[in-house]
Amino acid sequence: MADAIGSERAGAGLHSTAAADFHHLTSELVRCAVIADREVGATWEQIGRPHGLSADAARARYGRARLVWPPPMPE
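Put into structure tokens, the structure is as follows:
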């Protein structure tokens, strides 16, 4: 896909598809990082800070995060 993105062969919607894939992957990475941080005792304040979130907002967003494999695919 990387070769096609920079060339005239890139199909309509390819860039958006790639960006959506990266968005899904980075969301999963953040979710796994939050789970790992909680496992080692990080506070919600420590988790929220890099994301620009308060402790309460981080807890609301990620408080129910659990590892599920395979992860659900976006609709």
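Residue numbers for the sequence shown follow this note's numbering, beginning at 1078 and rising by one.
C-beta: ideal position from N, C-alpha, C; glycine also.
Secondary structure of V1107 (DSSP, three-state): helix.
Under a 10 Å Cβ-count criterion, G1090 is classified as exposed, with fewer than 16 other Cβ atoms of the shown protein chains found around its own Cβ. With a beta-carbon spacing of about 5 angstroms, V1111 and A1142 fall inside the 8 angstroms limit used to define contacts. DSSP places A1132 in the helix class (H, G or I) of the three-state scheme. Taking 8 angstroms as the cut-off, the Cβ atoms of D1133 and I1124 do not count as close.
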